[in-house]
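Notes for the one structure printed next.
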Amino acid sequence: MLSLSFLLRRLWPLLLLLLSSWPVWAQEPATATPTDGPDCPEACACAPGGQANCSGRALPAVPAGLSRRVRALQLDHNRVRALPPGAFVGAGALQRLDLRENGLRWVHPRAFWGLGALQQLDLSANQLETLAPGTFASLRVLRALSLADNRLACLEPATLGALPLLRALSLQDNELSALKPGLLAGLPALDALRLRGNPWVCGCALRPLCAWLRRHPRPAPEAETLLCVSPGRLTLSPLTALPDTAFSHCGLPLTPWDLAVVYAVGPVCFLASMAACLALGSVLTACRARRRRAAARRRPRRPLNSSPSPASPANPGSPAATAQV
Ligand SMILES: *[C@@H]1O[C@H](CO)[C@@H](O)[C@H](O)[C@H]1NC(C)=O
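FYI, in mature numbering (1 follows the signal peptide of the UniProt record, and there is no 0) the residues of the sequence shown are -26 to -1, 1 to 299.
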């Protein structure tokens, strides 16, 4: 009995500590569920079902106070010129994001971090010229992406990364002249690719895209809008009409093994030429040293303690000259 009360007294502070921290544990998940936090960003109008309408409100940035309640965010027709890292943090349940017509120029590579549920992203009618590698890589369930009506001249495969569910990609009305070979490889589910309104240069770089277009035939009216602007003999021919033989002069693309060889040969040649130069230099130095030693051996030896300069008429004050007089 005594030992039990002793034990209780000893354990009481621990129990108190546990009890006092229990509500914190209980609340922690609650703060992350949609039932807590502000329902709607101040500048926007919200409707049931997680619709946040922030359209056309001259907003200069993504509004604060986004919660996990928001499923669809309309931010179109605002003045969001740049998206900083974690621009949509807190809106982890967002499924549709509309950023059309914002004059958007700059998107940080981690701007879309935390949007693991995003399915539709519309960035059309902005002023994007480049997009950094990894920009869309975290959007693992993205199904539709529009980059239409921007100023993109180049789109790196690493910008999109691997988007296994992406079905629709719009690149129309940009300044693209080719698509990089790896770009389509990371998009296995793609079947709607909008490409018109770009200055396609039908050279070897376009071969993978033309191959993709042959595998995914599209209705004639749209196919006719995809035209080469160069080179001369192909100007105004539709991309979809180019057979693979149009690229027979291109040669096959380099395999990873070829690339490895190319990248290995450079440094090896450099090191080998360095080594050759070093060897040649040391041989030459050794030869010269040997010749100098041989010359020194042929010269007659002088007595050790004699004056270094022999007596000469030009130096009449020297002891040797006075001895001769
Ligand atoms: C969103 O708000 C704008 C401006 O207040 C309005 O014109 C538009 O119809 C709204 N959109 C929806 C889907 O409610």
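All C-beta atoms, glycine included, are put in the ideal place defined by N, C-alpha and C.
Whether residue i touches residue j by CB criterion (8 Å)
i, j, result
"Leu102", "Arg74", "no"
"Arg145", "Leu169", "As written in the sequence, residue 145 is Leu, which differs from the Arg given in the question. Contact: yes."
"Cys176", "Pro138", "no"
"Trp174", "Leu180", "yes"
"Leu78", "Arg55", "yes"
"Ala111", "Ala142", "no"
"Pro15", "Pro37", "yes"
"Leu92", "Leu116", "yes"
"Arg31", "Ala17", "yes"
"Cys20", "Asn52", "no"
Near ligand 1: residue i beta-carbon under 7 Å from a heavy atom
i, result
"Ala35", "no"
"Ala26", "no"
"Ser29", "yes"
"residue 327", "Missing from the structure shown is residue 327; the chain here goes from -26 to 299 and no further."
"Ala19", "yes"
"Gln48", "yes"
DSSP bridge partner residues for residue i (one or two, in chain order)
i, result
"Val81", "Leu57"
"Trp174", "Cys202"
"Asn27", "Ala19, Gln48"
"Gln69", "None, per the DSSP bridge assignment."
"Ala118", "Gln94, Ala142"
Assigned exposure category for residue i - 16 Cβ within 10 Å defines buried
i, result
"Asp72", "buried"
"Trp231", "exposed"
"Thr109", "buried"
"Thr229", "exposed"
"Cys224", "exposed"
"Gly156", "exposed"
"Leu49", "buried"
"Cys202", "buried"
"Ser247", "exposed"
"Ser(-7)", "Because the pLDDT of Ser(-7) is 40, which lies under 50, any placement of that residue in the model is unreliable, and the number read from its coordinates should be weighed accordingly. With fewer than 16 Cβ atoms within 10 Å of its Cβ, Ser(-7) is classed as exposed."
Residue i Cβ short of 7 Å to ligand 2 heavy atom set
i, result
"Cys18", "The model depicted lacks ligand 2 and carries ligand 1 instead."
Item checked: Ranges of the alpha helix (DSSP H) found wholly within the segment 121 to 174, counting only runs of at least 4 -> Whole alpha helix (DSSP H) segments, 4+ residues: 131 to 134, 155 to 159.
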